[in-house]
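Visitor: Sequential numbering from 71 applies to the sequence shown in the numbering used here. Note that CB positions come from ideal geometry on N, CA and C, so glycine has one too. From a predicted model like this one, the values you see are computed outputs, not experimental measurements. Can you keep this structure in mind? I'll have questions shortly.
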Amino acid sequence: MWVSGLFIEREKEVWLKRGSLFDAIRASISLPLFFKPFEMNGIKLLDGGILNPVPIAPTFEDNTDLTIAVNLGAPPSGNPQPKPKIELKDGNDSRSDSVSAKISNFIEDLKNRTPTNSTGSWKMLSIADQTFDAMQGAIARQKLAAYPPDHKIMIARDACGTLEFDRADEMITLGYESASRCLDKS
Numbered sequence: 071m072w073v074s075g076l077f078i079e080r081e082k083e084v085w086l087k088r089g090s091l092f093d094a095i096r097a098s099i100s101l102p103l104f105f106k107p108f109e110m111n112g113i114k115l116l117d118g119g120i121l122n123p124v125p126i127a128p129t130f131e132d133n134t135d136l137t138i139a140v141n142l143g144a145p146p147s148g149n150p151q152p153k154p155k156i157e158l159k160d161g162n163d164s165r166s167d168s169v170s171a172k173i174s175n176f177i178e179d180l181k182n183r184t185p186t187n188s189t190g191s192w193k194m195l196s197i198a199d200q201t202f203d204a205m206q207g208a209i210a211r212q213k214l215a216a217y218p219p220d221h222k223i224m225i226a227r228d229a230c231g232t233l234e235f236d237r238a239d240e241m242i243t244l245g246y247e248s249a250s251r252c253l254d255k256s
């Protein structure tokens, strides 16, 4: 498995193919305005998707028969998924419910610390998020045109918000369904 990181000080992609999976994931979720860079071996890393949201180039070195690209920045569907509310349970929560509660509390804390405009909305962060999505969408289209994969799994960028970690199960299901549709066509 390849994980892409961005060496921010040199504006250079870093491909992580060995080492701790946790560290690779932590580097890969380091989005500006949301999570601080992750330091690995003295290098500050951000999410590699900033420069390359559909990393196909690493597969050129592999002896693979098939390349499947997943584009999480596909054009919006116009039908954003409903946002379910997290309901915290009593003290008898299972481990996964406890993790959901921690994530929910983290997101609420982040929202409370985010600068807002005079109406109290979360518009500054929303605009930054939409700008990031637009940039990634443009880069993804260029990469997919330059390096066409054998199969493209397209996930609309409005399927889930950047901080909606509580919707992981729903997004995993969407991914499986999208992959099945894509591969069934071939």
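Under 8 Å between the Cβ atoms of L214 and A139?
Guide: Remark: C-beta atoms of L214 and A139 approach each other more closely than 8 Å.
Visitor: Taking 6 Å as the limit between beta carbons, can you name the residues of its chain near C252, skipping five residues before and five after?
Guide: H221, I223
Visitor: For F176, tell me which candidate among M205, E234, G119 has the shortest Cα-Cα distance.
Guide: E234
Visitor: Would you please state the rounded distance, in angstroms, between the beta carbons of R227 and A144? I believe it to be under 8 Å.
Guide: 6 Å
Visitor: Tell me, to the nearest whole angstrom, how far the beta carbon of V84 is from that of A210; I am working on the premise that it is less than 8 Å.
Guide: Separation of the CB atoms of V84 and A210 is rounded to 19 Å, and the pair is thereby denied contact status at 8 Å.
Visitor: Do you know whose CA, among F92, F108, A238, S250, lies nearest S174's CA?
Guide: Measuring from the Cα of S174, the nearest candidate turns out to be A238.
Visitor: Three-state secondary structure (DSSP) at N141?
Guide: strand
Visitor: In terms of DSSP beta bridges, what is E109 paired with?
Guide: K114
Visitor: How would you label D132, buried or exposed, when you count the other beta carbons within 10 angstroms and need 16 or more for buried?
Guide: D132 comes out exposed.
Visitor: Taking I78 as the reference, give the member of G119, A216, D93 with the closest Cα.
Guide: G119
Visitor: Buried or exposed for A216, please, with buried defined as at least 16 other CB atoms from any protein chain shown within 10 angstroms of its CB.
Guide: exposed
Visitor: I need the DSSP call for A226, collapsed to helix, strand or coil.
Guide: Correct three-state label for A226: strand.
Visitor: Grab the span of the alpha helix (DSSP H) containing H213 for me, first residue to last.
Guide: Sequence inspection shows Lys at residue 213; the His mentioned does not correspond to that position. That run of the alpha helix (DSSP H) goes 193 to 216.
Visitor: Compare the beta carbon distance of D199 and T232 with 8 Å and say whether it is the shorter of the two.
Guide: Yes, these two residues count as a Cβ contact at 8 Å.
Visitor: Using 10 angstroms around the beta-carbon of N111, count the other beta-carbons present and answer buried if the total reaches 16, otherwise exposed.
Guide: exposed
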